[in-house]
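Numbering (mature numbering (1 follows the signal peptide of the UniProt record, and there is no 0)), first residue to last: -23 to -1, 1 to 354. Note that CB positions come from ideal geometry on N, CA and C, so glycine has one too.
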């Protein structure tokens, strides 16, 4: 009886080992964006793009180092808050994610980047455009969008050359993103010969802009440049129209969303905005991606889904080239990235910026987003 019992135990142990050897390795990729608050719709759009990539990769099957890998998306909400962002970042590092797509805002990406640097985890932002993010000397920071040092000048030059703008008032929302973009725009506008007649600041929770707009109305600029997000940029454009102002509203990618007409009403047709990447309709895989996105989520994408989608694939590409799921080895493979995806060719400078960026300029016509121009950087 003892011999039979021992034989049974040995057989069970052997079976357990065999099953363990063939069990999938679970590898987590983090995604961080604001999933609550005024711009939750943009954060969810980004998460949807990342999740679509994870689902596709799992459906196709992924083998790293001779072992089948199943990806899990560890989606976190930083609420657009810098303090929360660092807490979420530490949680992801502690959970041993192989890489992180995020954060969404510059004001959260920058403080969180120090946590990922200390943890040795690659961070690819799908939306952060403030130049400081990749100028800290960290080997962990990457982005798949252009910077405000490119976006601001592109918008200023378009306004000067294509819109006949001579005078402009500048307003920002006091965040790292909004303030940074407005400053880059202002510098480029002055260099292009535009007169900046005023510079004002609000905040990213504001809903009433009538005091600032009334002040600006007194100097009668051709345009108002707003550095901020659609949740505040929409009401600003709407209230400017209500005050009888004819100035064009210029803005960056934070405002340039599918939801802007819901926030600004008919005043969205007076907005000219830029995106820190190539327009969806001009992306090599843009049309096919949009169809897959809408089939999966039953709604059109906003702005950032293709960028978070490709960021997941770029992390997986680094895993394949490293032949490892070890975060340190994946990080070491990142500088040699040469990936072709939905947004086009992606390769990085030593700082982690795109080698070949593009800025797209849009307006809105009867509530529909319409491409005006693409500026290659």
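{"query": "DSSP-derived helix/strand/coil call for residue 245", "result": "helix"}
{"query": "Residue 92 vs residue 6 beta-carbon contact at 9 Å", "result": "no"}
{"query": "Enclosing beta strand (DSSP E) for residue 41 [first to last residue]", "result": "39 to 41"}
{"query": "Where the alpha helix (DSSP H) through residue 203 begins and ends", "result": "Here residue 203 belongs to no alpha helix (DSSP H); instead the beta strand (DSSP E) covers 200 to 204."}
{"query": "9 Å Cβ cutoff met for residue 209 and residue 192", "result": "no"}
{"query": "CB-CB length for residue 320 against residue 226, believed under 8 Å", "result": "With a Cβ gap of about 26 Å, residue 320 and residue 226 do not count as contacting."}
{"query": "Cβ-based burial, residue 273 [other Cβ within 10 Å; buried from 16]", "result": "exposed"}
{"query": "Contact the region 287 to 297 vs the region 24 to 34: 3+ CB pairs below 8 Å", "result": "yes"}
{"query": "Burial state of residue 158 (16 or more Cβ within 10 Å)", "result": "buried"}
{"query": "Extent of the continuous beta strand (DSSP E) to which residue 258 belongs", "result": "Where residue 258 is concerned, there is no enclosing beta strand (DSSP E), given that its DSSP letter is neither H nor E."}
{"query": "Residue 346 classed as buried or exposed, judged by whether at least 16 other C-beta atoms fall within 10 angstroms", "result": "buried"}
{"query": "Cβ separation of residue 335 and residue 123, assumed to be a contact under 8 Å, to the nearest whole Å", "result": "7 Å"}
{"query": "Burial state of residue 324 (16 or more Cβ within 10 Å)", "result": "exposed"}
{"query": "Residue burial classification, residue 12 (beta-carbon count within 10 angstroms, cutoff 16)", "result": "buried"}
{"query": "Alpha-carbon to alpha-carbon, residue 2 and residue 50", "result": "14 Å"}
{"query": "Rounded Cβ spacing between residue 231 and residue 205 (contact assumed at less than 8 Å)", "result": "6 Å"}
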